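Presented below is the structure to which this report refers.
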Amino acid sequence: MVSRVIPVDPFDLVIFGGTGDLARRKILPGLYRRFLAGQMPDEARIIGAARSEMDDDAYRKFVSDAIEEFIPKSKHDKAQIKEFLARLSYVATDAQAEGGWETLKGLMRDGVVRAFYFSVGPSLFGALAEKLNEYGIADADSRIVVEKPFGRDLASARALNKTLAEHFDETQIYRIDHYLGKETVQNLMAVRFANSLFEPLWNAQHVDHVQITVAETVGVGGRGGYYDKSGAMRDMVQNHMMQLLCLIAMEPPYKFEPDAVRDEKLKVIRALSPVPHEDIVRGQYRGRPAAQGVKAEPSYLDDVEDPHSRTESYIALKVGIANWRWQGVPFYLRTGKKLRARTSEIAIIFKEPPHSIFGEEDEWRENVLAIRLQPDEGMTLSVMIKEPGPGGMRLTEVPLDMTFADALGEDGTDIPDAYERLIMDVIRGNQTLFMRGDEVEAAWAWTDPIIEGWEERGDRPRGYDPGSSGPEDALMLLHRDGRRWRELRG
Ligand code: NAP
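Using this note's numbering, the first residue of the sequence shown is number 21, and each one after it goes up by one.
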């Protein structure tokens, strides 16, 4: 199946933080891939901006190295890379100082889309928005792309929204959550709303529970300083996992349009019940001494500066949604670092048939619709069938598997990365896959009391071994409800 590529309108894209890690690993290689795919018109220009002094050629070298490092060798076409690099330039600017802004203004062209990617720390978002207006660099149709984290609580998110609103209309602000750019996540909406098969079953009558897992095998590594101020709840649950939960739980929007979709997501967030502390398990990974041929592993506390830190590197929660559709259906969320496998998955576990005509109940499994975000984006629906052969009526579970790379007849590397898809949406002016200000605030309004609760109680996270599936107590969270977590498989 060949996917259709429709070129976007001509644009000037300024990447503030154009020399940073995110630009190098994701944004710039992603733009190169869109160029290769034929989606970038000839008139597209990309301008890197940061404090470091360098000229256009030095920046092109920086981008060329990034392509070399992060794009598979099969896509290194010298002529194409040269043509892509010709669209790039660089301006040295400090978000908090003068200098460079007039140069940047001079590079902006009339009659093309202007987009400004704020790939810098959030403390600079306000200053950048102000400078873009002060110097008349942004016009009424310009778009700004804002990276996470969007605040660390309701008060800071509100303050940030207020600052941005002083300079830009909500229709110009693109709060990025790269989970929403994943092929699978969008497919979740297609599966729900473009098929008549699932929607009648998508409710408390037929769904037993939902599990959302985002597991990593790495620790906090070099990001310890940043991570320790955040923790798994702020870093993963409040944004990415909340977005996934919304897409599963929301009502069908009347149209696939930005505000129609975001209105429905907002209703879900507002319907989330407060989470009692017995429905939360927090953990911190332990270290491991060196053993025969195996290197020692640092603990979370070795990885961060504060030796008494109570920040969680793992969290599991049981979440309820107080509305008609989901009354009584638990959504179990878990995410953590240094776990057994690197995997992100949403699993809808359906109820068992009301009565077994086959008798051998222990042979049945519930039907599960598993939506994998990584690795191997795809979906699997497990169904029970008769075991082949003449051995009588024995049941077995088989997966109906749809791995997108296979289904698209591609090698998997052609599935656009979330960032490149989302950047193209910014140029197209489509906000459907971006978070609206009120959504972010509602998510913090639900998150804040949960965090305040454990801070007030002075709870310590439970220890768990690296390479395990998290703290023992997290298993109990489901066991006590007569359920179990799906196995963590990479
Ligand atoms: P980073 O590697 O520290 O890069 C920061 C960038 O900002 C650099 O280009 C830096 O260049 C520039 N910068 C710093 N101070 C500046 C100033 N006063 N004026 C203008 N430019 C300035 O950070 P990053 O990892 O790329 O992250 C960027 C943003 O994306 C952050 O908000 C982060 O939370 C978010 N994010 C990152 C990732 C990731 O994987 N890296 C993932 C999700 C979200 P100079 O020092 O030359 O100015």
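Note that the Cβ used here is the ideal one computed from N, Cα and C, for glycine as well. All figures in this text were calculated on a predicted structure; none of them were measured in a lab.
Chain-order list of residues whose beta-carbon lies under 8 Å from that of residue i (same chain, five-residue window excluded)
i, result
"residue 172", "249, 250 and 254"
"residue 297", "473, 474, 477 and 479"
"residue 290", "462"
"residue 385", "402, 404 and 417"
"residue 2", "Here the chain comprises residues numbered 21 to 510, so residue 2 is not present and cannot be evaluated."
"residue 324", "240, 244, 245, 247, 248 and 331"
"residue 122", "155"
"residue 488", "359 and 360"
"residue 75", "110"
"residue 406", "413, 414, 415 and 416"
Contacts around residue i, its chain only, beta-carbon distance under 6 Å, and the 5 residues preceding and following it disregarded
i, result
"residue 388", "367, 369 and 402"
"residue 46", "439"
"residue 183", "146"
"residue 233", "354 and 365"
"residue 467", "258"
"residue 69", "34, 36, 38, 111 and 113"
"residue 330", "480"
"residue 223", "345"
Euclidean distance between Cα positions of residue i and residue j
i, j, result
"residue 40", "residue 139", "8 Å"
"residue 490", "residue 36", "38 Å"
"residue 397", "residue 205", "9 Å"
"residue 89", "residue 377", "57 Å"
"residue 43", "residue 180", "22 Å"
"residue 198", "residue 444", "13 Å"
"residue 356", "residue 262", "15 Å"
"residue 335", "residue 300", "7 Å"
"residue 373", "residue 221", "13 Å"
"residue 392", "residue 340", "22 Å"
"residue 315", "residue 308", "8 Å"
"residue 363", "residue 202", "14 Å"
"residue 320", "residue 27", "46 Å"
"residue 54", "residue 452", "20 Å"
"residue 359", "residue 110", "40 Å"
"residue 119", "residue 71", "10 Å"
"residue 414", "residue 379", "10 Å"
"residue 343", "residue 349", "10 Å"
"residue 395", "residue 437", "13 Å"
"residue 56", "residue 235", "32 Å"
"residue 399", "residue 469", "34 Å"
"residue 30", "residue 132", "5 Å"
"residue 441", "residue 167", "15 Å"
"residue 260", "residue 347", "23 Å"
Delimiting residues of the alpha helix (DSSP H) encompassing residue i
i, result
"residue 262", "262–269"
"residue 465", "457–477"
"residue 127", "121–127"
"residue 288", "278–291"
"residue 512", "The structure shown does not extend to residue 512, since the chain spans only 21 to 510, so no value can be given for it."
"residue 66", "Taken as a continuous stretch (DSSP letters only), residue 66 belongs to no alpha helix (DSSP H), being part of the beta strand (DSSP E) at 65–70."
"residue 206", "203–213"
"residue 80", "76–90"
"residue 247", "244–248"
"residue 443", "438–448"
"residue 483", "Here residue 483 belongs to no alpha helix (DSSP H); instead the beta strand (DSSP E) covers 482–484."
"residue 454", "That residue, residue 454, is in no alpha helix (DSSP H); it is neither H nor E in DSSP."
"residue 359", "No alpha helix (DSSP H) holds residue 359; DSSP gives it neither H nor E."
Proximal residues to residue i (C-beta, below 7 Å), its chain only, five neighbours per side dropped
i, result
"residue 107", "64, 65 and 66"
"residue 154", "none"
"residue 332", "251, 252, 253, 302, 303, 304 and 481"
"residue 484", "303, 305, 306, 334, 490 and 491"
"residue 129", "32"
"residue 80", "105 and 108"
"residue 326", "248"
"residue 192", "162, 163 and 164"
"residue 503", "229"
"residue 471", "253"
Bounding residues of the beta strand (DSSP E) (the contiguous stretch that carries residue i)
i, result
"residue 354", "351–356"
"residue 501", "Careful: residue 501 lies outside any beta strand (DSSP E) and carries neither H nor E."
"residue 419", "415–423"
"residue 228", "227–235"
"residue 301", "300–305"
"residue 195", "193–195"
Residue i beta carbon near the ligand SAH (any heavy atom closer than 8 Å)
i, result
"residue 144", "The ligand content of the structure shown is limited to the ligand NAP, which means the ligand SAH is not among them."
* alpha helix (DSSP H) runs contained entirely in the stretch 98–162, provided each spans 4 or more residues -> 98–105, 121–127 and 145–154
* **Completely contained beta strand (DSSP E) runs for the stretch 319–347, where each covers 3 or more residues** => 334–339
* Those runs of the beta strand (DSSP E) which lie wholly inside the stretch 368–405 and span at least 3 residues -> 388–394
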